[in-house]
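In this note's numbering, the protein residues as written are 550 to 880.
Given below as structure tokens:
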């Protein structure tokens, strides 16, 4: 029995990507022992190192909806080079990659499927095990997830999947994975989750608007919020604040240092890459490297932690934006 190790981003698109992969794997009738691991771009190396079995010969390693983070690139490449000769290694993604990164990954023996016109689930649906057939009902899920992930919202089911996942994110990952990988696209549990989410979402918008601040970086205005726990999702909240406060970009920061960057037209991807992350021109993110004192203050003095975290994040953003301005001035 072949080992199949799946590494997917922990958001809705990542869960859908893994679900489609497992669905196609089952239809291929390969006799497999499957393990699904959720990771962030910044933790992919750690996840690979801690979960890959010592014996993977003849198996598969599939990475999906995860960009190659520059901070862990060396570690990831080293691991993949070591296993590529023993197992089939596939990488499905839709984020922005540099030509050097593409060359390095392919040079490590990885089959890279990189397409920018769809979401991660869309890339998997097109290429894994020959892809989904055109009449497969799971395309409804894929199209709806892509509609939300790419912030188009033209599919009627997109807001429902987005909110169902957002209400109980930690629990919903495995529940949705189980459901979708069996070819089921909706359930009563998801309806219940949507109803609960909407009630909390409305309260979260009001709280976020009251807590947010507007900063100016040269000609660029940014609304910044250290987000309390609970709905709405960071992306929904970021676009709400950007609209209500009429800023160019929004930065929504969580207590662990993860930062979601959203924009009306300004390309936030270079800013995210400078902060150690990446993503898309109008929607990117990163995980800030927090100083030790912030990690200590988080459980001890939450209000002080939120205030100092905001100051730290704004300072890091200012440094990166100054670097970008300096580069632009040179050219």
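Heads up, the beta-carbon is just placed ideally off N, CA and C, and yes, glycines get one too.
- Residue 554 is bridged by DSSP to 584 and 610.
- Excluding five sequence positions before and after residue 710, the CB atoms of its chain that fall closer than 7 Å to its own CB belong to 561, 693, 694 and 697, given in chain order.
- Note on geometry: alpha-carbon atoms of residue 578 and residue 586 lie some 22 Å from one another.
- A direct Cα-Cα distance of roughly 45 Å separates residue 657 from residue 745.
- Under the DSSP assignment, residue 747 falls outside any beta strand (DSSP E), being part of the alpha helix (DSSP H) whose first and last residues are 737 to 760.
- Annotated as distal: residue 555 and residue 593, with beta-carbon spacing of 7 Å or more.
- Beyond the five residues adjoining it in sequence on each side, residue 632 comes within less than 8 Å, by CB distance, of 601, 605, 610 and 638 in the same chain, given in chain order.
- A distance below 6 Å between beta-carbons, with the five flanking residues on each side excluded, links residue 706 to the following residues of its chain, in chain order: 693.
- Between the C-alpha atoms of residue 551 and residue 580 there is a straight-line separation of about 7 Å.
- The secondary-structure analysis by DSSP pairs residue 662 across a beta bridge with 641.
- Straight-line spacing of the CA atoms in residue 832 and residue 818 works out to 7 Å.
- Cβ atoms of residue 689 and residue 654 stay farther apart than 8 Å, at about 31 Å.
- Setting aside the 5 residues that flank it on each side, residue 640 is surrounded in the same chain by 612, 659 and 661, each with a C-beta closer than 6 Å to its C-beta; the list follows chain order.
- Judged by DSSP secondary structure, residue 800 falls within the beta strand (DSSP E) whose first and last residues are 798 to 802.
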